[in-house]
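First to last, the sequence lines map onto chains R and Z.
Numbered by the numbering used here, the letters in the first sequence go through residues 1 to 228 in order.
Numbered by the numbering used here, the letters in the second sequence go through residues 1 to 228 in order.
Protein chains: 2
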Amino acid sequence: MAAHTPRTTGTPAGPDRAPGLRERKKQQTRYALIQAAHVLFLRQGFAHTTVDEIASAVDVSQRTFFRYFANKDEVALAVMAVAEDYFIECLRHRPAEETPLQALRASIVKAWRDLGSEESAGPGSIHSALELMRMIEETPPLLAAHLRRVTEQERLVVQVLAEREGLDPAEDLRPAVLAAVFGSLLRAAHLSWSSEHAPAGPEGMVTVIERYFDQLGPALAGHWSGPA
Amino acid sequence: MAAHTPRTTGTPAGPDRAPGLRERKKQQTRYALIQAAHVLFLRQGFAHTTVDEIASAVDVSQRTFFRYFANKDEVALAVMAVAEDYFIECLRHRPAEETPLQALRASIVKAWRDLGSEESAGPGSIHSALELMRMIEETPPLLAAHLRRVTEQERLVVQVLAEREGLDPAEDLRPAVLAAVFGSLLRAAHLSWSSEHAPAGPEGMVTVIERYFDQLGPALAGHWSGPA
DNA sequence: CAGATTATGTCAGCTGCTGACATTGGGCAA
DNA sequence: TTGCCCAATGTCAGCAGCTGACATAATCTG
Numbered sequence: 001m002a003a004h005t006p007r008t009t010g011t012p013a014g015p016d017r018a019p020g021l022r023e024r025k026k027q028q029t030r031y032a033l034i035q036a037a038h039v040l041f042l043r044q045g046f047a048h049t050t051v052d053e054i055a056s057a058v059d060v061s062q063r064t065f066f067r068y069f070a071n072k073d074e075v076a077l078a079v080m081a082v083a084e085d086y087f088i089e090c091l092r093h094r095p096a097e098e099t100p101l102q103a104l105r106a107s108i109v110k111a112w113r114d115l116g117s118e119e120s121a122g123p124g125s126i127h128s129a130l131e132l133m134r135m136i137e138e139t140p141p142l143l144a145a146h147l148r149r150v151t152e153q154e155r156l157v158v159q160v161l162a163e164r165e166g167l168d169p170a171e172d173l174r175p176a177v178l179a180a181v182f183g184s185l186l187r188a189a190h191l192s193w194s195s196e197h198a199p200a201g202p203e204g205m206v207t208v209i210e211r212y213f214d215q216l217g218p219a220l221a222g223h224w225s226g227p228a
Numbered sequence: 001m002a003a004h005t006p007r008t009t010g011t012p013a014g015p016d017r018a019p020g021l022r023e024r025k026k027q028q029t030r031y032a033l034i035q036a037a038h039v040l041f042l043r044q045g046f047a048h049t050t051v052d053e054i055a056s057a058v059d060v061s062q063r064t065f066f067r068y069f070a071n072k073d074e075v076a077l078a079v080m081a082v083a084e085d086y087f088i089e090c091l092r093h094r095p096a097e098e099t100p101l102q103a104l105r106a107s108i109v110k111a112w113r114d115l116g117s118e119e120s121a122g123p124g125s126i127h128s129a130l131e132l133m134r135m136i137e138e139t140p141p142l143l144a145a146h147l148r149r150v151t152e153q154e155r156l157v158v159q160v161l162a163e164r165e166g167l168d169p170a171e172d173l174r175p176a177v178l179a180a181v182f183g184s185l186l187r188a189a190h191l192s193w194s195s196e197h198a199p200a201g202p203e204g205m206v207t208v209i210e211r212y213f214d215q216l217g218p219a220l221a222g223h224w225s226g227p228a
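So this is what it looks like as structure tokens:
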């Protein structure tokens with residue numbers, strides 16, 4: 001409810017007219033909750049932050065918090081959603097000449113670069129999303145929730161790939177397989193980035209991702225002999 | 001009753017001597033809890049089964065339940081652990097001539113086949129594990145927990161692959177990449193098996209898995225043209 | 001048969017999360 | 001502006017997951 005934009009009856013046309021005060025307030029509250037949660041999580045850890053704390057930091061009842069987010073996990077992962085959506089957008093606009101694998105790689109790189117170049121430094125920015133990623137990786141329940149989100153995102157990727165190549169994903173398994181491979185590569189890269197002392201910032205992430213992509217061929221090659 | 005406990009032959013002080021009554025009782029309780037949980041979950045769903053129900057079905061306090069399993073998820077996923085361990089065991093014994101990818105594929109197929117041929121039909125068997133898989137896929141929190149377990153298993157696979165090929169996984173990314181790809185392929189296959197009306201039983205699972213493996217090459221091939 | 005260990009039971013309590021109902025306050029037409 | 005409608009919020013009660021602390025009962029060890 002609060003998460004989606006309600007379809008009001010009277011609007012003649014236009015997906016979004018001037019959002020009224022009510023709508024603006026809602027967005028504001030939602031944003032404030034994410035902010036507050038983010039700060040508290042990073043300061044005292046996910047497990048040691050209660051929903052009550054988050055809610056009262058925004059001066060809102062606990063019940064209201066749960067009307068904005070289904071559970072505590074969701075508010076932590078909300079920041080990632082922006083980046084994920086942008087990636088899908090990028091993928092949709094890749095030129096048709098590109099190989100499916102190329103398109104995926106180019107999209108993820110472009111997404112990180114574009115979001116990274118935005119100067120917004122406050123919470124909600126990419127930089128804070130990166131901080132969150134480290135935290136997610138270290139917090140089992142969060143990691144679990146995150147992985148679930150990722151697999152849902154993968155379904156979307158399958159859809160887009162299938163459309164792009166004009167295939168029926170129920171018949172042809174290639175979109176599903178490629179999406180799965182792509183997703184797992186990304187996760188491996190994320191893990192590596194957040195555990196190893198990798199180059200920081202979005203550009204560092206891009207570096208790591210490309211390193212993993214470059215190893216895809218060698219890893220699948222018949223026998224491994226000598227260094228890749 | 002026990003004519004003879006499984007004794008390590010002759011060795012006076014092995015790492016594990018005959019397990020005493022205490023240990024046997026613990027295993028028994030643990031097994032009973034898994035059984036009871038399994039039955040209840042399949043009958044009335046994961047969310048609608050309380051820990052109290054499970055505990056009292058085995059005539060044990062709730063507190064004891066939580067001494068055996070860290071949380072409700074864990075008891076549901078405990079059955080899978082057996083299969084996962086066996087797969088790792090298979091992988092360890094693959095001949096060195098096989099390609100890493102071949103070894104992985106052969107191991108997973110062998111694991112499913114072997115476990116599937118065991119005649120034990122009760123809960124705890126492969127057949128009930130398969131029932132559970134469908135349920136996991138439909139239960140978001142369970143799916144989340146399952147995915148997390150899988151990624152931990154992947155770390156093990158990386159280890160085994162690196163040993164097998166004599167590589168340092170911190171230096172050479174190929175084990176990590178291959179393990180990730182393998183894991184994602186399996187997950188895609190599992191998903192497909194449990195959503196589509198796929199051939200049932202372990203052999204059906206093997207079929208689906210092989211279908212996905214066969215698409216790995218085509219999916220990564222440059223341009224997709226025509227059916228795979 | 002003691003005495004040391006270890007599993008279990010009991011109890012109290014926190015936190016996440018939900019349904020039900022009352023109240024506030026923005027949206028909108030007369 | 002007025003006044004009605006309904007969406008957003010607050011309040012309250014309650015269940016379920018999970019944990020620490022302590023007492024009790026069972027096993028193990030010598």
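Here a beta-carbon is modelled for each residue, glycine too, at the ideal position from N, C-alpha and C.
Where the region 209-226 of chain Z meets chain R: residues whose CB sits under 7 angstroms from a CB there:
211, 212, 215, 216, 218, 219, 220, 222, 223, 224
Below 8 angstroms on C-beta distance, what does residue 183 of chain R contact in chain Z?
184
Listed from N- to C-terminal order along the chain, which residues in the region 73-97 of chain Z have their beta-carbon within a distance smaller than 8 angstroms of any beta-carbon of chain R?
none
How long is the line joining the alpha carbons of residue 182 of chain R and residue 211 of chain R, rounded to whole angstroms?
13 angstroms
For residue 207 of chain Z, which residues in chain R fall below 7 angstroms Cβ to Cβ?
Residues of chain R passing the Cβ test: none, with the nearest at roughly 13 angstroms.
Which of helix, strand or coil DSSP assigns to residue 134 of chain Z:
helix
Work out the CA separation of residue 133 of chain R and residue 148 of chain R for me, nearest whole Å.
15 angstroms
Can you tell me the Cβ-Cβ gap for residue 33 of chain R and residue 146 of chain R, rounded? I've got them flagged as a contact below 8 angstroms.
Actually they are not in contact, since the Cβ atoms of residue 33 of chain R and residue 146 of chain R sit about 19 angstroms apart, beyond 8 angstroms.
Close beta carbons around residue 94 of chain R, own chain, < 7 angstroms, minus the five adjacent residues each side
In chain order, 103, 106, 107 place their CB closer than 7 angstroms to the CB of residue 94 of chain R, counting only its own chain and leaving out the 5 sequence neighbours on each side.
Taking buried to mean at least 16 other C-beta atoms within 10 Å of its own C-beta, is residue 223 of chain R buried or exposed?
exposed
Whole-angstrom distance between residue 53 of chain Z and residue 157 of chain Z, CA atom to CA atom:
Distance from the CA of residue 157 of chain Z to the CA of residue 53 of chain Z, rounded to the nearest whole angstrom, comes to 37 angstroms.
Runs of 4 residues minimum, wholly inside the region 4-88 of chain Z: which ones carry the alpha helix (DSSP H) assignment?
You should have 21-44, 51-57, 62-68.
CA-to-CA distance, residue 219 of chain Z to residue 61 of chain Z, given in whole angstroms
52 angstroms
Can you tell me which of Z:205, Z:22, Z:215 puts its alpha carbon nearest to the alpha carbon of residue 114 of chain Z?
Cα-wise, what sits closest to residue 114 of chain Z is Z:205.
From R:41, R:70, R:47, R:71, residue whose alpha carbon lies closest to that of residue 57 of chain R
R:41
Compute the Euclidean distance between the alpha carbons of residue 209 of chain R and residue 190 of chain R, then round it to the nearest angstrom.
8 angstroms
Along chain Z, which residues have their Cβ under 7 angstroms away from the Cβ of residue 231 of chain R?
This structure gives no information on residue 231 of chain R, because the portion of chain R shown stretches from 1 to 228.
In chain Z, what lies closer than 9 angstroms to residue 176 of chain R by C-beta?
188, 191, 192, 212, 215, 219
Within 8 angstroms of any Cβ in chain Z, is that where the Cβ of residue 148 of chain R sits?
yes
So residue 162 of chain Z contacts chain R; which residues on that side make the cut at Cβ distance below 8 angstroms?
Residues of chain R passing the Cβ test: none, with the nearest at roughly 10 angstroms.
Closest Cβ-Cβ distance between residue 99 of chain R and chain Z: below 8 angstroms?
yes
Excluding five sequence neighbours on each side, which residues of the same chain lie with their C-beta closer than 6 angstroms to the C-beta of residue 153 of chain R?
84
Alpha carbon of residue 100 of chain R to alpha carbon of residue 67 of chain Z, nearest angstrom
49 angstroms
Are residue 112 of chain R and residue 169 of chain R close, meaning C-beta to C-beta below 8 angstroms?
When the beta-carbon positions are compared, residue 112 of chain R and residue 169 of chain R stay at least 8 angstroms from each other.
Roughly how many angstroms lie between the CA atoms of residue 20 of chain R and residue 26 of chain R, to the nearest whole one?
Just so you know, the alpha carbons of residue 20 of chain R and residue 26 of chain R end up roughly 10 angstroms apart.
Please name the residue, chosen from Z:47, Z:35, Z:45, Z:184, that lies closest to residue 55 of chain Z on a Cα-to-Cα basis.
Z:35
Mind reading off the beta-carbon distance from residue 175 of chain R to residue 186 of chain R? Whole number of angstroms is fine, and I expect it under 8 angstroms.
Wrong, their Cβ atoms sit about 16 angstroms apart, outside the cutoff.
On the three-state DSSP scale, how would you describe residue 102 of chain Z?
helix
Just to confirm before moving on: does the CB-CB distance between residue 75 of chain Z and residue 37 of chain Z stay below 8 angstroms?
Note that the C-beta distance between residue 75 of chain Z and residue 37 of chain Z is below 8 angstroms.
List the whole-angstrom C-beta distance separating residue 214 of chain Z from residue 141 of chain Z, where the pair is believed to meet the contact cut-off of C-beta under 8 angstroms.
About 33 angstroms; that fails the 8 angstroms criterion.
Show which residues of chain R have a CB atom less than 9 angstroms away from the CB atom of residue 151 of chain Z.
143, 147, 187, 191
Between the Cα of residue 177 of chain Z and the Cα atoms of R:200, R:70, R:159, R:216, which residue gives the shortest distance?
R:216
Taking all protein chains shown into account, do 16 or more other C-beta atoms lie within 10 angstroms of the C-beta of residue 172 of chain Z, making it buried, or fewer, making it exposed?
buried
Under 6 angstroms Cβ to Cβ from residue 86 of chain Z, same chain only, skipping five residues before and after it: list those, please.
If you ignore the 5 residues before and after residue 86 of chain Z, its C-beta comes within less than 6 angstroms of the C-beta of 111, all in its own chain and listed in chain order.
Flag residue 140 of chain Z as yes if its beta-carbon sits less than 8 angstroms from any beta-carbon of chain R, otherwise no.
Under the Cβ criterion of 8 angstroms, residue 140 of chain Z is counted among the residues facing chain R.
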